[in-house]
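J.: Chains F and U, in that order, are what the protein sequence lines are.
Read in order, the letters of the first sequence are residues 229 to 378 in our numbering.
Read in order, the letters of the second sequence are residues 87 to 549 in our numbering.
Using N, Cα and C, we set each Cβ at its ideal position, and we do this for glycine too.
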Amino acid sequence: MCLFVAIPCLRYSTVFELLEHTSDVGILARGQTREEALVSVSQGLVSILVDPAPFRPLEERHFKAPGLDEAAQIINWLNEILFFFDTEGLVFVEFEIDSWTGDEISGRARGQRFDVARHEFRTGVKAATYHQFENHQTPDGWEIRVFVDV
Amino acid sequence: MQLEKIDDYRWLIPKTYKAGMLTDALVYANEQLLETIRRDQSLEQAANIAMLPGIVGRALAMPDIHQGYGFPIGGVAAVDEQHGVVSPGGVGFDINCGVRLLSSNLTLKEVKPKLRDLVHQLFRDIPSGTGQTSRLDVSDSDLNQILEKGPRWAIERDMGSEADLDHTEERGCIAGADPYAVSARAKQRGRPQLGTLGSGNHFLEVQYVDEIFDERTSSQYNLSKGRIVVLIHTGSRGLGHQVCTDYVAQLDEAMRRYDLHLPDRQLACAPIHSPEGQRYLHAMAGAANFAWTNRQTICHSVRGAFKRIFSEDVHLPVIYDVAHNIAKFETHTVDGARKRVLVHRKGATRAFPNQAVFIPGSMGTASYFLLGQESAMRETFGTACHGAGRVLSRSAAKKGITAKEIQKELESRGIIVQSLTREGLTEEKPEAYKDIETVVDVVHNVGLALRVARLRPIGVVKG
Chain F
229 MCLFVAIPCL
239 RYSTVFELLE
249 HTSDVGILAR
259 GQTREEALVS
269 VSQGLVSILV
279 DPAPFRPLEE
289 RHFKAPGLDE
299 AAQIINWLNE
309 ILFFFDTEGL
319 VFVEFEIDSW
329 TGDEISGRAR
339 GQRFDVARHE
349 FRTGVKAATY
359 HQFENHQTPD
369 GWEIRVFVDV
Chain U
87 MQLEKIDDYR
97 WLIPKTYKAG
107 MLTDALVYAN
117 EQLLETIRRD
127 QSLEQAANIA
137 MLPGIVGRAL
147 AMPDIHQGYG
157 FPIGGVAAVD
167 EQHGVVSPGG
177 VGFDINCGVR
187 LLSSNLTLKE
197 VKPKLRDLVH
207 QLFRDIPSGT
217 GQTSRLDVSD
227 SDLNQILEKG
237 PRWAIERDMG
247 SEADLDHTEE
257 RGCIAGADPY
267 AVSARAKQRG
277 RPQLGTLGSG
287 NHFLEVQYVD
297 EIFDERTSSQ
307 YNLSKGRIVV
317 LIHTGSRGLG
327 HQVCTDYVAQ
337 LDEAMRRYDL
347 HLPDRQLACA
357 PIHSPEGQRY
367 LHAMAGAANF
377 AWTNRQTICH
387 SVRGAFKRIF
397 SEDVHLPVIY
407 DVAHNIAKFE
417 THTVDGARKR
427 VLVHRKGATR
437 AFPNQAVFIP
447 GSMGTASYFL
457 LGQESAMRET
467 FGTACHGAGR
477 VLSRSAAKKG
487 ITAKEIQKEL
497 ESRGIIVQSL
507 TREGLTEEKP
517 EAYKDIETVV
527 DVVHNVGLAL
537 RVARLRPIGV
547 VKG
């Protein structure tokens, strides 16, 4: 199953599709740059958790995602989204990457707290995984594929 | 992949299948299940776990095997205690996800007239955990105690009895848990979720005994046809997820230091006796103890809900509580010698001789109570399967049916369902899973565990 979603997000032009196979849910995200692809995959993850439409960028959190390589940094970045959702109920709808060095991604995410009375929860996500992970440049830009454990 | 057929239920992936395999992998399935299993990468993943350094015996795949993350779900690997590795992927993100079955002194006839009220009460009293936080006030000191001693923490606060511990694997506490090996983030993520069910395939079901296969064992557990039982399926919630996340990252780095190489990064591992391996095991034990406490506190809420709807005289003793995502040190016979091994069970249930084993089916179908057998000790490090195993993707399951239609269809079969989310119903519809009867047939016919009773749901609560 593929679901294409294009979401205008600040200065990023983002697009992702959800991939599914038996027990897995994956996100195939594209962008003109790796930063855009990261924002796309972040939005894909949020769309698995909830219907993001009603959420506004009201609260901001800083993300720091260190890692030995880009794969580890991307996985850690996505796990930040899950951490803030579980601990503060924050659903992020805007992402900005401030810097992406060889050691770490640093950035910000803005969103709003989940309210069970007003918002639609979809599926809990335990973690982003390295399963079938892809992160590469394409002729059109950049592509990231991540599967998450739901 | 070419499998070598051993008999109707056993298929071998020989270690010559691909470079790096240290042993054969053995798949328990009949031809019908095998056809489904072949549709995903679970057999490749079973071959991959045969590459874990220090693996002893064979890598094993249970009949409910399906594609997981690094390890297949339904995968079992035992490694030598001295020379082996520990892999967080062999336990999974939901550390000590497991099931607890409660018996009762109620019958189907007594419960049916008040079933709707009972399901509503259970739904109200047991939060799913999303947008509804724990009703338990857990301090930092409480959380450390929970990690160290498990459900005893709850028992000391009148949320259960000593008898509950007697009927819990490891009495609900793996020794060696170290709260300081569990990160502040994991604690932060888990604290508001103690006593919550979670989403996905987690559930709470009111069931009745529909068929008895083993009269002697059933009567030992006071089970007869029509007896009401309750099955709780949940795990360590965000705390376990974060412990796994933290240690996959740490062990991924450690593998480079120990010059370990495996074909899938999600199989990150470290030698058992390395500082990294030991820290993971201390943290995993803490998360496992948290999960048993979670099931204990939910069990307490279930008892409260039943008392409110029926009477104070209702009793719901624990039949057994067993983990199906865990790594444990056990002694087994390997190549004729007794050996201490670390058994990784990822979506697989310990099935020691005469131990209760529960295999839940999909929502609306049946679950099984089985009894572990000696042959499981000889063949599978005392292990049986843990469920039916998914066969449809979540989106395929959702296609062409709404949550309301599923609810209505189940109600027409006498099953009241309440779920926080639409997805909790549509993604988990009965057809999304393999046929439980076929899976249980394999386990029973191979003799890993034998059927005791079949349980059918009448009330389902889902996150």
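Is the beta carbon of U:LYS104 less than 8 Å from the beta carbon of U:ALA147?
T.: For U:LYS104 and U:ALA147, no; Cβs fall outside 8 Å.
J.: Go ahead and pull the three-state DSSP assignment for U:CYS355.
T.: Here U:CYS355 sits in coil by DSSP.
J.: In whole angstroms, what separates the C-alpha of F:HIS364 from that of F:SER251?
T.: Looking at the two C-alpha atoms, the distance is approximately 25 Å.
J.: Nearest chain F C-beta to U:PHE179 closer than 8 Å, yes or no?
T.: Judged by the 8 Å Cβ criterion, U:PHE179 is in contact with chain F.
J.: Below 8 Å between beta carbons is the criterion; list the residues of the segment 241 to 256 of chain F that meet it against any residue of chain U, in chain order.
T.: Within the segment 241 to 256 of chain F, the residues whose Cβ lies closer than 8 Å to some Cβ of chain U are LEU246, GLU248, HIS249, THR250, SER251, ASP252 and VAL253, listed in chain order.
J.: From the DSSP output, in three-state form, read off F:PHE232 for me.
T.: Here the model assigns F:PHE232 a pLDDT of 48, short of 50, so the residue's position is not dependable, and the following value carries that caveat. Note: F:PHE232 maps to strand in three-state DSSP.
J.: If you measure from the beta carbon of U:CYS330 to each beta carbon in chain F, is any gap under 8 Å?
T.: Yes, U:CYS330 lies at the interface with chain F (some Cβ there is under 8 Å from its Cβ).
J.: Taking the alpha helix (DSSP H) that U:PHE376 belongs to, which residues open and close that run?
T.: Here the alpha helix (DSSP H) through U:PHE376 covers 361 to 395.
J.: My assumption, with CB atoms under 8 Å, is that U:ARG537 sits in contact with U:ASP300. Please give the rounded CB distance.
T.: U:ARG537 to U:ASP300, Cβ: 7 Å. Contact.
J.: Would you mind listing the beta strand (DSSP E) stretches within the segment 412 to 481 of chain U that are 3+ residues and don't spill past its ends, in chain order?
T.: Taking only runs of at least 3 residues, the beta strand (DSSP E) segments lying wholly in the segment 412 to 481 of chain U are 423 to 432, 434 to 436, 442 to 445, 453 to 458 and 469 to 471.
J.: If you draw a straight line from the C-alpha of U:GLY550 to the C-alpha of F:THR329, how long is it?
T.: There is no way to answer for residue 550 of chain U, as the model of chain U reaches only from 87 to 549.
J.: Does U:SER305 pass the burial test, meaning 16 or more other C-beta atoms within 10 Å, or should it be called exposed?
T.: Answer is exposed; the Cβ neighbour count stays below 16.
J.: Which residues of chain F have a Cβ atom closer than 7 Å to the Cβ of U:HIS327, listed in chain order?
T.: Near U:HIS327 (Cβ distances below 7 Å), the residues of chain F are LYS354 and ALA355.
J.: Is there a Cβ of chain U sitting closer than 8 Å to that of F:VAL344, yes or no?
T.: Closer than 8 Å to some Cβ of chain U, the Cβ of F:VAL344 qualifies, so yes.
J.: If you follow the beta strand (DSSP E) that U:ASP166 is part of, which residue opens it and which one closes it?
T.: Taken as a continuous stretch (DSSP letters only), the beta strand (DSSP E) holding U:ASP166 covers 157 to 166.
J.: Assuming U:VAL547 and U:LEU208 form a contact by the criterion Cβ under 8 Å, report the distance between their Cβ atoms to the nearest whole angstrom.
T.: Confirmed, Cβ separation roughly 5 Å.
J.: Anyone know if the C-beta pair for U:VAL329 and U:ALA373 falls short of 8 Å?
T.: Yes, these two residues count as a Cβ contact at 8 Å.
J.: At a cut of 8 Å, does the segment 274 to 287 of chain U reach the segment 333 to 352 of chain F through at least three beta carbon pairs?
T.: Result yes; three or more Cβ-Cβ pairs closer than 8 Å.
J.: My understanding is that F:GLN214 touches F:GLY369, with C-beta atoms under 8 Å, so please give their C-beta distance in whole angstroms.
T.: Because chain F in this structure spans residues 229 to 378, residue 214 of chain F falls outside the shown range and cannot be described.
J.: Quick check on the burial criterion: 16 or more other C-beta atoms within 10 angstroms. Buried or exposed for U:LEU108?
T.: Answer is exposed; the Cβ neighbour count stays below 16.
J.: Exposed or buried, which one is U:PRO158 when buried takes at least 16 other CB atoms within 10 Å?
T.: Per the 10 Å Cβ criterion, buried.
J.: Span of the beta strand (DSSP E) holding U:ALA270?
T.: That residue, U:ALA270, is in no beta strand (DSSP E); its alpha helix (DSSP H) goes 270 to 276.
J.: For U:TYR294, count neighbouring C-beta atoms within 10 Å of its own C-beta (all shown protein chains included) and say buried if the count is 16 or more, exposed if not.
T.: So U:TYR294 counts as buried.
J.: Taking 7 Å as the cut-off, does the CB of U:ASP166 come closer than this to any heavy atom belonging to the ligand MG?
T.: The ligand MG is not among the ligands present in this structure, which contains no ligands whatsoever.
J.: Taking the alpha-carbon positions, what's the U:VAL427 to F:LEU318 distance?
T.: So the alpha carbons of these two residues sit roughly 42 Å apart.
J.: Please name the residue or residues paired with U:ASP93 in a DSSP beta bridge.
T.: DSSP, once it has assigned bridges, lists U:ARG96 as partnering U:ASP93.
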